[in-house]
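Worksheet: the structure to be examined is printed underneath.
In full-length UniProt numbering, the protein residues as written are 1 to 169.
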């Protein structure tokens with residue numbers, strides 16, 4: 001199963017592409033979509049959208065896993081991130097890639113085994129599970145890979161996917 005993990009943002013979008021065969025992970029690519037500060041916001045959204053289309057066309061993931069948004073302080077930032085997230089979801093929809101959403105607690109539980117794990121624990125376990133020699137930077141990239149791992153551990157297996165497809169879901 002090829003999974004595209006996304007940590008949404010508008011300045012930095014973390015991206016990680018992995019393959020999972022039920023036992024082993026293979027990292028295909030990871031990095032970030034970045035948009036320059038000071039650029040008009042609609043232009044930043046266009047940059048994200050264009051690069052998402054390129055990534056989806058190049059890697060042809062079977063699914064995309066995205067972190068659910070949770071903000072408790074800055075509503076302006078939350079609205080901007082939500083708009084960027086909308087562009088990301090649109091790009092997956094147009095490419096025919098199903099989207100799955102996970103909370104930070106679900107990601108921590110799937111990667112570390114503990115829903116209240118510290119960020120550094122998630123990053124280190126992500127690095128270990130994917131047999132990476134370096135810690136993915138910035139943290140948004142590590143988060144995207146962790147989200148992809150979460151989906152690998154949470155997604156329905158091949159038989160269940162076939163059944164859901166037959167049911168039209």
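Note that the Cβ used here is the ideal one computed from N, Cα and C, for glycine as well. All of these numbers come straight from a predicted model, not from anything done at the bench.
Subject >> Residues near residue 17 by beta carbon distance below 6 Å, same chain, minus five either side >> reply: 4, 28, 29, 59
Original post:
What's the call for residue 133, buried or exposed, on a 16-neighbour Cβ count within 10 Å?
Top reply: exposed
**OP:** Could you work out which residue in 139, 127, 1, 67 is closest to residue 82 when comparing CA atoms only?
**Re:** 67
**OP:** Please list, in chain order, all residues of the same chain as residue 107 whose beta carbon is under 6 Å from its beta carbon, the five residues on each side excluded.
**Re:** 146, 147, 150
Original post:
Helix or strand or just coil, what does DSSP make of residue 103?
Top reply: coil
Original post:
If we count the other Cβ atoms within 10 Å of its Cβ and call it buried at 16 or more, is residue 6 buried or exposed?
Top reply: buried
**OP:** Can you grab the Cα-Cα spacing for the pair residue 57 / residue 78, in whole Å?
**Re:** 28 Å
**OP:** Enumerate in chain order the residues of its own chain whose CB-to-CB distance from residue 1 is below 6 Å, with the five nearest sequence positions on each side excluded.
**Re:** 20, 62
**OP:** Given a cut-off of 8 Å, decide if residue 64 and residue 97 are closer than it, judged by their beta-carbon atoms.
**Re:** yes
Original post:
Identify the residues that DSSP records as bridge partners of residue 59: which are they?
Top reply: Looking at the DSSP assignment, residue 59 forms no beta bridge with any residue, so it has no partner.
Original post:
When burial is assigned at 16 or more other CB atoms within 10 Å of the CB, is residue 164 buried or exposed?
Top reply: Bear in mind that the predicted position of residue 164 carries a pLDDT of just 48, short of 50, making it unreliable; the figure below should be weighed with that in mind. That one is exposed.
Subject >> Beta bridge counterpart(s) of residue 34 as assigned by DSSP >> reply: 12
**OP:** List the DSSP bridge partners of residue 124.
**Re:** DSSP lists no partner for residue 124.
Subject >> residue 96: first and last residue of the uninterrupted beta strand (DSSP E) it sits in >> reply: Unbroken run through residue 96: none, as it is neither H nor E.
Original post:
Considering residue 130, what are the terminal residues of the alpha helix (DSSP H) in which it resides?
Top reply: Unbroken run through residue 130: none, as it is neither H nor E.
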